[in-house]
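K.L.:
Submitted below is the structure of interest, expressed as structure tokens.
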Amino acid sequence: LSIVLELRGQELSLELEGEESFEGDYSWSLEALTNLLKNAMEHTTDGGKIVLRSMENHLYTQIQVINYGEEISDKDLPHIFDRFYRGEHQKSQSFGIGLALTKMIVTKQGGIIKVTSDSIDGTTFTLRFYKSVI
Numbered sequence: 025l026s027i028v029l030e031l032r033g034q035e036l037s038l039e040l041e042g043e044e045s046f047e048g049d050y051s052w053s054l055e056a057l058t059n060l061l062k063n064a065m066e067h068t069t070d071g072g073k074i075v076l077r078s079m080e081n082h083l084y085t086q087i088q089v090i091n092y093g094e095e096i097s098d099k100d101l102p103h104i105f106d107r108f109y110r111g112e113h114q115k116s117q118s119f120g121i122g123l124a125l126t127k128m129i130v131t132k133q134g135g136i137i138k139v140t141s142d143s144i145d146g147t148t149f150t151l152r153f154y155k156s157v158i
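Numbering (the numbering used here), first residue to last: 25 to 158.
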């Protein structure tokens, strides 16, 4: 990912609170996060900024991937996690699998994923993994 960031002049800003953690499969969780970062890089203009933010409290661990590229249209937003769905402004030759896979990975680990998008605050993908409460 760092090579693509460098080639496109994009900045990845890390806003990490500390040593956040959650119980889950390392490889699949990394796959989900990588999918979101690749998606952010694809939809961020050259020279643009991407933010990876994390926080944790006693209820959950939260990870956000934020980009300030073109916003996701209201028409596309409800379908963004549907398998094989390609938005109306899709630029790449993708198959529409990455975000569906990401959602499956997150939900199979007891987490949730949501997305918000507007022209001011950019597009934010939020992953939330709840902690076991005994």
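Glycine is no exception: its CB is placed at the ideal position from the N, C-alpha and C atoms.
Are there three or more Cβ pairs, one per stretch, closer than 8 Å when the region 75-90 is compared with the region 99-108?
P.N.:
No, they do not touch.
K.L.:
For Glu63, which residues from the same chain have a beta carbon less than 7 Å from its beta carbon, with the 5 sequence-adjacent residues on both sides left out?
P.N.:
In the sequence as displayed, the identity of residue 63 is Asn instead of Glu. Only Gly122, Leu123 meet the Cβ criterion.
K.L.:
List the DSSP bridge partners of Arg77.
P.N.:
Answer by DSSP bridge pairing, in chain order: Glu39, Gln88.
K.L.:
Which residues does DSSP pair with Val139 in a beta bridge?
P.N.:
Bridge partners of Val139: Phe149.
K.L.:
Compare the beta carbon distance of Thr140 and Thr148 with 8 Å and say whether it is the shorter of the two.
P.N.:
Yes, the pair counts as a contact, with Cβ atoms nearer than the cut-off.
K.L.:
Keeping to the same chain, check which residues put their C-beta closer than 8 Å to that of Phe108; ignore five residues upstream and five downstream.
P.N.:
Once the five neighbours on either side are set aside, the close Cβ partners of Phe108 are Phe119, Gly120, Ile121, Ala124.
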